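Let me begin by presenting the structure, written as structure tokens, before commenting on it.
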Amino acid sequence: MTASPHRRVALEISEAGPVMRLSGSWRLADLLRLESELDSLRPAGTTTLHVDGGDLGMLDTAGAMLLCQRLKAWGLPRAAVSWSGFSPRNQAMLELVREDIEAPATVATPPESWLHRLGRQAALLAAGVLDMLAFIGQLGAAALDWLRHPGRFRMREFFVQLEAVGVASLPIVALMTFLIGVVFTYLLGIQIEKYGANIFIVDGVSLAVTRELAPLLTALLIAGRSGAAFTAQIGAMKVTEEIDAISTLGLSPMQVLVLPRLLAIVITMPLLTFVADITGILGAALVAAQQLDITPYTFFARLQDVLPLYTVSLGLAKAPVFAVAIAVIACHNGFAVTRDARSVGLKTTTTVVHCLVAVILIDALFSIAFPKVTP
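Heads up: the sequence shown begins at 119 in my numbering, then just goes up one per residue.
Dropping the structure here:
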């Protein structure tokens, strides 16, 4: 059978097997006519087919898609179809469309069971704990080396961090605890005033501020401010390969980056907590004078009688423990940053969350270990 000048596809039976000859334009505008011609020439019982594109004119993706879909619908796999006579452009178009049509279907991944999720999360947690322990071990080794060689300590970096963590944080810590003292005293005073026990406001406020509020709020503020800054600084240095440069120079990144930050925050946290104690009590004294008619002299005289040194010392003792936890978590996450900017943001967020959880957990452990108000 010879192709009619009006037809664009014809099927011939030769000694070598059936041959499909293509001609004319195979574009989107010709699809309706091409579909009818292909349907009328559907071969029956054919296992192989040769396609001749010597007379083929313009071919776009719509025409190539139609041809490949018909061949697939006729049950002719890619290996059963041979091609010849196509121009390089048309041949490339057909190859592209055939690869797309004959690509294996994506197998839907079955949903992960709760046991697999639990195991995966447990494995991630165990890996994180081991990584943290390894980091603490490296930090301890660097600290011992510094004790043997004090001259290696980066004094300039230490004072820079001391100013950033301590001096720069002082105003916001003082303001925050002053306002907390005001609010706490105001709310507690409303209840105490009903029973005529105004003077006992000093007992409750002094205990709450010095033992819990001042150290806890100071630690939370430093965790969000300085902890995030530590992670961002170290993470940015890792992205820009500055940490690699430090190691290349024969210096220890732990001694250069971690120890100055750790010592700075350990020294400043108790001082900031002490300032928070003072400003919180001053805020309480102000509200007591305005709302409960307790003069400052009466307030501080009562404070000397009801606030034991044990309570103040316990609050101050929490501060360096909080500081170590914040510094270790922040610096560890900084070193865990990968070499992209997105990782810096993710690890900074992780630092804030982990520090807040660690601070609250440590505070709860202190409350369990030291339940008494007085020794």
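Each residue gets a CB set at the ideal place from its N, CA and C atoms; glycine is no exception. Only a predicted model underlies this, so the values are computations on that prediction, with no experimental measurement involved.
Span separating the alpha-carbon of residue i from that of residue j
i	j	result
ARG272	ARG235	45 Å
GLY398	THR295	5 Å
ALA459	VAL442	27 Å
GLY345	ALA382	12 Å
PRO123	SER200	Caution is warranted here: a pLDDT of 48 is assigned to PRO123, below 50, making its placement in the model unreliable, and the coordinate value is therefore given only provisionally. Near 24 Å, if we compare the C-alpha coordinates of SER200 and PRO123.
VAL405	ALA326	16 Å
THR349	LEU479	21 Å
ASP496	GLY193	Outside the shown range of the chain, which is 119 to 493, sits residue 496, and nothing can be said about it.
GLY258	ALA445	13 Å
ILE189	PRO195	Residue identity check: residue 189 is Leu in the sequence provided, not Ile. Approximately 8 Å between the Cα atoms of the pair.
ARG266	PHE277	21 Å
THR467	VAL477	16 Å
VAL70	THR336	The question about residue 70 has no answer, for the chain in this structure spans 119 to 493.
ARG238	GLU275	40 Å
VAL137	LEU156	13 Å
VAL127	GLN209	17 Å
ASN316	GLY322	11 Å
GLN279	LEU390	14 Å
GLU213	GLU230	37 Å
LEU129	LEU159	7 Å
TYR494	GLY401	The structure shown does not extend to residue 494, since the chain is modelled only from 119 through 493, so no value can be given for it.
THR165	TRP144	25 Å
GLY433	ARG270	33 Å
LEU474	TRP232	28 Å
SER485	PRO438	16 Å
ASP148	CYS186	16 Å
PRO378	LEU334	23 Å
GLY452	ILE352	5 Å
THR429	ILE298	19 Å
PHE318	LEU338	28 Å
ALA198	ASP249	56 Å
THR120	ARG139	Confidence in THR120 is poor, its pLDDT being 42 and thus under 50, which makes the residue's placement unreliable; the coordinate value appears in the next sentence. Spanning the two alpha carbons is a distance of roughly 9 Å.
Start-to-end residues for the alpha helix (DSSP H) that takes in residue i
i	result
GLU213	206-219
GLY274	The identity of residue 274 in the sequence shown is Arg, whereas the question assumes Gly. Counting along the chain, the alpha helix (DSSP H) containing ARG274 begins and ends at 273-280.
MET250	232-266
ASP423	414-424
SER324	319-326
PRO378	377-409
GLU311	288-312
Per-residue DSSP class, three states only, for residue i
i	result
SER344	helix
VAL491	coil
GLY135	strand
VAL439	helix
SER158	helix
GLU360	helix
ALA182	helix
PRO333	helix
GLY269	helix
SER370	coil
LEU483	helix
VAL455	coil
THR467	helix
ALA315	coil
GLY193	coil
THR227	coil
Continuous beta strand (DSSP E) stretch holding residue i: start and end
i	result
HIS168	167-177
ALA128	127-132
Residue i - partner residues in DSSP beta bridges
i	result
VAL199	LEU167
TRP144	LEU177
The ligand FMN heavy atom lying under 6 Å from the CB of residue i
i	result
VAL323	Absence of the ligand FMN is noted for the structure shown, with no ligands found whatsoever.
query = Is the number of C-beta pairs between the region 363-374 and the region 301-319 that are closer than 8 Å three or more?
reply = no
message = For the structure I just gave you, are there three or more beta carbon pairs, one from the region 383-392 and one from the region 283-290, closer than 8 Å?
response = yes
ask   = Just checking, does the region 249-262 make contact with the region 353-363 on the three C-beta pairs under 8 Å criterion?
value = no
Given 8 Å, three or more beta-carbon pairs between the region 403-418 and the region 450-464 = no
ask   = Hey, is the region 200-217 in contact with the region 165-180, meaning 3+ C-beta pairs nearer than 8 Å?
value = With contact defined as three or more Cβ pairs closer than 8 Å, the region 200-217 and the region 165-180 are in contact.
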